[in-house]
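Visitor: Here you go, one structure.
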Amino acid sequence: MEILKKHIIGTLFFLICIGSSVAQTQEVEAIYSRLDSYLEQPDSDNQSELLNVVEATLSNDKEVLLAKTIAYCNIGYIETQNKALQKAIEVYEKAKQMFFSENLSNYDIIEYCLKPLGNLYIKTQALSEAENTIKHYIIYARETGQTKQQVSGVLNLSVLYHNRGEFHKAKNILLQALKESPTNHDLKINLASAYYALHQIEETKNLLNDVLKSNSNNPKAYQLLAQVNLSEKENSKAILNLRKAIKLLHNASYINFREVAKMKLSLAETYFVSGQIESSLSHIQQIYKLLIPSYNLEQYLPKNDQLYAETILMDALDLQGNVFINQSNLDEALEAFSLASEVSDYLFAELYVQGSKLLAQQDVKRRSEMMMEVFYKQYQSTKNKEWIAKAVHLDNKVKGRIVSEAMFLKAKLNSLENKKFSEFRRLQKEFAVINDQIQKQILNNNLEYDKLAHLQKEYSALLTKQRIEYSNIQSEIANSLITNSIVDLDEIIHKATISNQTLVSYFVGSEMVYQIVISKEKLIFQKIVGSKTEHLQFTEAIRSYSRFFDSPATINNDIPLFTASSLKLFKILQLPEAENLIIIPDGILSFIPFQTLLTSESSIFKYAEMPFLIFKSTVSYTISFTEYLRNTSSLDEKQSVLGVFPVFKNSVQELEYSVNEAKAITEVFKSDLLMETQATVKNFVTSVNSHTILHLSTHATGGSFSSGPSISFFDRTFSVEELYGHQFSNQLVILSACDTGVGKVVKGEGALSLARGFQYAGASNVLFSLWQVNDKSTAELMEYYYQNLSKNRSRNLSLHRASINYLQNKTIDNTRKSPYYWGAFVYYGATDTPQEKRNISSLSFLIFLIPLIGIGVWYFKKRKKT
1 MEILKKHIIG TLFFLICIGS SVAQTQEVEA IYSRLDSYLE QPDSDNQSEL
51 LNVVEATLSN DKEVLLAKTI AYCNIGYIET QNKALQKAIE VYEKAKQMFF
101 SENLSNYDII EYCLKPLGNL YIKTQALSEA ENTIKHYIIY ARETGQTKQQ
151 VSGVLNLSVL YHNRGEFHKA KNILLQALKE SPTNHDLKIN LASAYYALHQ
201 IEETKNLLND VLKSNSNNPK AYQLLAQVNL SEKENSKAIL NLRKAIKLLH
251 NASYINFREV AKMKLSLAET YFVSGQIESS LSHIQQIYKL LIPSYNLEQY
301 LPKNDQLYAE TILMDALDLQ GNVFINQSNL DEALEAFSLA SEVSDYLFAE
351 LYVQGSKLLA QQDVKRRSEM MMEVFYKQYQ STKNKEWIAK AVHLDNKVKG
401 RIVSEAMFLK AKLNSLENKK FSEFRRLQKE FAVINDQIQK QILNNNLEYD
451 KLAHLQKEYS ALLTKQRIEY SNIQSEIANS LITNSIVDLD EIIHKATISN
501 QTLVSYFVGS EMVYQIVISK EKLIFQKIVG SKTEHLQFTE AIRSYSRFFD
551 SPATINNDIP LFTASSLKLF KILQLPEAEN LIIIPDGILS FIPFQTLLTS
601 ESSIFKYAEM PFLIFKSTVS YTISFTEYLR NTSSLDEKQS VLGVFPVFKN
651 SVQELEYSVN EAKAITEVFK SDLLMETQAT VKNFVTSVNS HTILHLSTHA
701 TGGSFSSGPS ISFFDRTFSV EELYGHQFSN QLVILSACDT GVGKVVKGEG
751 ALSLARGFQY AGASNVLFSL WQVNDKSTAE LMEYYYQNLS KNRSRNLSLH
801 RASINYLQNK TIDNTRKSPY YWGAFVYYGA TDTPQEKRNI SSLSFLIFLI
851 PLIGIGVWYF KKRKKT
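Structure (structure tokens):
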């Protein structure tokens, strides 16, 4: 009986296996059958039917999964041909995730997925994602012995580095690749391009001549030769070489119309710089026709509904805007720039990784400079307030746009708790940790290539997961993100009026500097720097003033020089008289402590008596007009502080007076202090969101050319990369450490500082430093700050009063009253109306006294009558 049972079970198992195998074969055939139909007629109906079959098939059999991967890759190819680039990216990412997560094989995933995906990322300005994808397939090609694909990867990576302005990186990887493939013409052309960007003209010419000797029909070689011609003022030769390149592209067996459009853009630009305006405009229209099938040559400019996310289209519109400016057609120029901005917004909306967004913002700033000049000219001629409104909107677009979106997104995700959002936040944190590990590995002197390759693969997998997860939640947050970026001038004026505030925003261009002033009484839009010469003087005035804060002794060593420099900068910046100033800085102005500027001439050597701006105005800062309107949070009446004090006792890093800061906090607020060995990263992360105020008293660095900012805990440093993955809900973050506001300045975004890292992680109200602060003075200033905060609950006013308290303290000697000691800290965030606490004993005394006075008056009058 037992034997019979085993036989029956074995037979059943065999039949199940056969059934399963048949079912899987049917599923594979169903996918391939639908795929064939789609490829024969690649319309939306056939695509929907194919996707329905693919997504309804839940089998984990490798043949089925491979069929699904192949289907996704083919959809990606068709969507690319249809110029639906973001849809193509989405399906390629699905294919990539499936292939590598399920360890599939027997398919050229590099050729049919990773290469087109990397190229799509480059085309859509997602350069961080492109770099990751390309590095992924270079590693995979090396592991699987695909030398040809390794070379393809190096070529694409060099293009990416070139687009990012990293010409030395491009040169180095190309030289290395040429050692292994010395006859590869594509490598030589890309190397020639890197040489040209590095102004190595002879090397460029030699390589191009070498390529053209072997292959005189290389269009890219002629395009680069045209650039060399332009640099040597041989414009006619440049035009001839570009025409030759375009002809070669048209004669190719397969015509890549995007490449033709790209080459025609180079020709249109060359005509423009050569003064041949009509020829330039004619070629711009040809580009529109190539990129937009529905474009009519009689239109002149494309219509809004013809626009889509395409960098060549954006560049062509920018060029046409410049042509119109050259012709003094300002209205037409603005129309072209507005269309280019719309295309830019389409591209930006699909960017996910911060690095890609930062690069895209630099293009936004460049276009904004041209638009701001047009707005200014139109305002000067019409005095119409509408031009100021446009200038405000434009200014807002290039001030902390990325960090503002990140803050808003984190707050939104926090308020919409569900499984999808929780998973997205988890992936964000994991992604930040992996990215931090990669950066550290790259900077390691003993670089472990195997470990780096493993991390790159992990990063790639996480990026794909995160991107897919982001697509899932995008529909729920998209409208909110758009609304968050809109600013209304009348709304700004209203808030400034009821708050008795004067906003001063600076827009620093490459040649011009503009200022917008908004208050109850003032609405000013002016140019404060109007030429290259003035701009050089402006930049030098800022740098000269900043140098006074390089060391504690610099100001004290030459007070007259400091006062002259301070007043000079104050006059250049044209700050209005106001009780409450809100500064929106730009570029290197982010490093200027406005409160330390002198408002009039001074021959006094006593700092407490000098006419510093702080004695006339309460100075606060904000990232942008968006943040000014959005950030209306107030400080809760009941506060609790998480204080982090590593102290670093008995070491060269010891912060002796940090203990005084801790004591000052405990005297006025309920607090939880992580002292010395308790001040670890783990304890910080665990406790941070349980308190309304976060206070970090430690060491920090603003980073260097190769590494980003970081902050020190007792057990290890915490990098800004890792910080990006966290989420902070504190009402106030105080970074009582050196250089917490210092970092690399990115055009269109600002300083990539540690403070910005906290803002990016959701902390919208941050107090931080602009240089290497003095331990003792910082402790004294923070003591005053918390005393004031406990009395008035105003985060901005408390810093203002603390600085004045410090200056008026007679026990502090004059040397330590130099602005170096009290002026380093700035506050970015919501401004609070003071909620002064009344003295209870005084109030009780008044309540008791008033009736006594009344009785006394009554008694006196009665006695007088008697």
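Mapping of the sequence shown onto the UniProt record's numbering: residues 1 to 866, in sequence order. For each residue, glycine too, the CB sits at the ideal point set by N, CA and C. Remember, predicted model here, so these are calculated numbers, not experimental data.
(1) Leaving out the 5 sequence neighbours to the left and right, which residues in its chain are closer than 7 Å to LEU65 when beta-carbon positions are compared?
(2) Let me know if GLN176 comes out buried or exposed under the rule of 16 or more other beta-carbons within 10 Å of its beta-carbon.
(3) When the distance is taken between beta carbons, is ILE592 closer than 8 Å to VAL619?
(4) Please classify ASP739 as buried or exposed, where buried requires at least 16 other C-beta atoms within 10 Å of its C-beta.
(5) Going by DSSP, what residue range makes up the beta strand (DSSP E) through ASP672?
(6) Can the beta-carbon of SER519 be found less than 8 Å from the beta-carbon of ALA541?
(7) Secondary structure at ASN580, three-state DSSP: helix, strand or coil?
(8) Span of the beta strand (DSSP E) holding ILE524?
(9) Taking the alpha helix (DSSP H) that SER344 belongs to, which residues open and close that run?
(10) Since SER729 and ASN414 are thought to touch, with beta carbons under 8 Å apart, how far apart are those beta carbons, to the nearest angstrom?
(11) Could you check the C-alpha separation between ILE110 and ILE75 for me, to the nearest Å?
(12) Would you report the Cα separation of TYR38 and ASP305, rounded to the nearest angstrom?
(13) Mind checking SER690: buried by the 16 CB within 10 Å criterion, or exposed?
(14) Alpha carbon to alpha carbon, how far is THR692 from GLN456?
(15) Starting from SER149, trace the alpha helix (DSSP H) both ways and give me its first and last residue.
(16) Measuring straight from C-alpha to C-alpha, what distance separates ALA309 and GLN501?
(17) Between which two residues does the alpha helix (DSSP H) containing VAL273 stretch?
(18) Hey, how far is the Cα of SER842 from the Cα of GLU836?
(19) How do the stretch 795-806 and the stretch 524-536 stand: do at least 3 beta-carbon pairs fall below 8 Å, yes or no?
(20) Under the assumption that VAL504 contacts VAL517 (Cβ atoms under 8 Å), give the Cβ distance between them as a whole number of angstroms.
(21) If ASN681 and PHE625 are in contact, beta carbons under 8 Å, what's the gap, nearest whole angstrom?
(22) Quick check for students: name the residue ranges of the alpha helix (DSSP H) that lie wholly in the stretch 609-674, counting only runs of 4 or more.
(23) Can you tell me whether DSSP reads GLY743 as helix, strand or coil?
(24) Throw me the rounded Cβ distance for the ASN765 and ALA679 pair, which I believe falls under 8 Å.
(25) Let me confirm a value: ALA553 is counted as buried when at least 16 other C-beta atoms fall within 10 Å, else exposed. Which label applies?
(26) To which residues of the same chain is ASP715 closer than 7 Å at the C-beta, ignoring the five residues directly before and after it?
(27) Would you decide whether ASP315 is buried or exposed? Buried here means 16 or more other CB atoms lie within 10 Å of its CB.
(28) What does DSSP give as the partner residues of LEU35 in its beta bridges?
(29) Return the chain-ordered ranges of every alpha helix (DSSP H) run that is complete within the stretch 152-234 and spans a minimum of 4 residues.
(30) Could you pull out every unbroken beta strand (DSSP E) segment of at least 3 residues lying fully inside the stretch 528-601, listed in chain order?
(31) Hey, would you say VAL745 sits closer than 8 Å to GLY587, going by beta carbons?
(32) Quick one: Cα of ALA88 to Cα of LYS205, how far?
(33) Secondary structure at GLN501, three-state DSSP: helix, strand or coil?
(34) Are GLN581 and SER617 touching if we call contact CB-CB under 8 Å?
(35) In the structure shown, what three-state DSSP assignment does THR717 receive?
(36) Starting from the Cα of GLU654, find the closest Cα among GLU783, ASP775 and VAL364 and give me that residue.
Guide: Straight from the coordinates:
(1) MET98, GLU102 and LEU104.
(2) It is exposed - the Cβ of GLN176 has fewer than 16 other Cβ atoms within 10 Å.
(3) No, Cβ-Cβ distance for VAL619 and ILE592 is not below 8 Å.
(4) ASP739 counts as buried, since at least 16 other C-beta atoms from the protein chains shown sit within 10 angstroms of its C-beta.
(5) It spans 670-675 - the beta strand (DSSP E) in which ASP672 sits, taken as one unbroken run.
(6) Contact flag unset, no.
(7) Reduced to three states, the DSSP call for ASN580 is strand.
(8) Taken as a continuous stretch (DSSP letters only), the beta strand (DSSP E) holding ILE524 covers 523-529.
(9) 330-349 is the span of the alpha helix (DSSP H), which, as asked, contains SER344.
(10) The C-beta distance from SER729 to ASN414 rounds to 7 Å, short enough to meet the 8 Å contact threshold.
(11) If I take the Cα positions, the gap works out to 16 Å.
(12) One C-alpha to the other measures close to 27 Å.
(13) The residue in question, SER690, is exposed, as its Cβ has fewer than 16 Cβ neighbours within 10 Å.
(14) So the two alpha carbons sit approximately 37 Å from each other.
(15) Position check: residue 149 holds Gln in this sequence, whereas Ser was assumed. In the DSSP assignment, GLN149 falls within the unbroken alpha helix (DSSP H) covering 147-163.
(16) The straight-line gap from Cα to Cα measures roughly 40 Å.
(17) Bounds of the alpha helix (DSSP H) holding VAL273 are 257-273.
(18) Only weak support exists for where SER842 lies, its pLDDT of 45 falling under 50; the value from the coordinates is given anyway. Rounded to whole angstroms, SER842 to GLU836 spans 14 Å at the Cα level.
(19) At 8 Å Cβ cutoff, the stretches do not touch.
(20) A Cβ-Cβ distance of about 5 Å is found for the pair VAL504 and VAL517, placing them in contact under the 8 Å criterion.
(21) In the sequence under discussion, the amino acid at residue 681 is Val, which differs from the Asn named in the question. Not quite, the Cβ-Cβ distance comes to about 35 Å (not below 8 Å), so this is no contact.
(22) Within the stretch 609-674, the complete alpha helix (DSSP H) runs of at least 4 residues are 625-630 and 658-668.
(23) Of the three classes helix, strand and coil, the one that applies to GLY743 here is strand, per DSSP.
(24) Contact flag wrong, Cβ pair sits at about 22 Å.
(25) Exposed is the call here.
(26) So the qualifying residues of the chain are THR680 and VAL681.
(27) Label assigned to ASP315: buried.
(28) Paired residues: none, contrary to the question.
(29) DSSP assignment within the stretch 152-234 yields the following whole alpha helix (DSSP H) runs of 4 residues or more, N-terminal first: 167-180, 185-197, 201-214 and 219-231.
(30) If only uninterrupted beta strand (DSSP E) runs of at least 3 residues are considered, those enclosed by the stretch 528-601 are 580-584.
(31) It is a contact, given that the beta carbons lie within the stated cut-off.
(32) About 38 Å.
(33) Assigned with DSSP and collapsed to three states, GLN501 falls in coil, not helix or strand.
(34) The sequence shown places Leu at residue 581, rather than the Gln named in the question. Result yes, Cβ atoms of LEU581 and SER617 sit closer than 8 Å.
(35) Per DSSP, reduced to three states, the secondary structure at THR717 is strand.
(36) With respect to the C-alpha of GLU654, the residue from GLU783, ASP775 and VAL364 having the closest C-alpha is ASP775.
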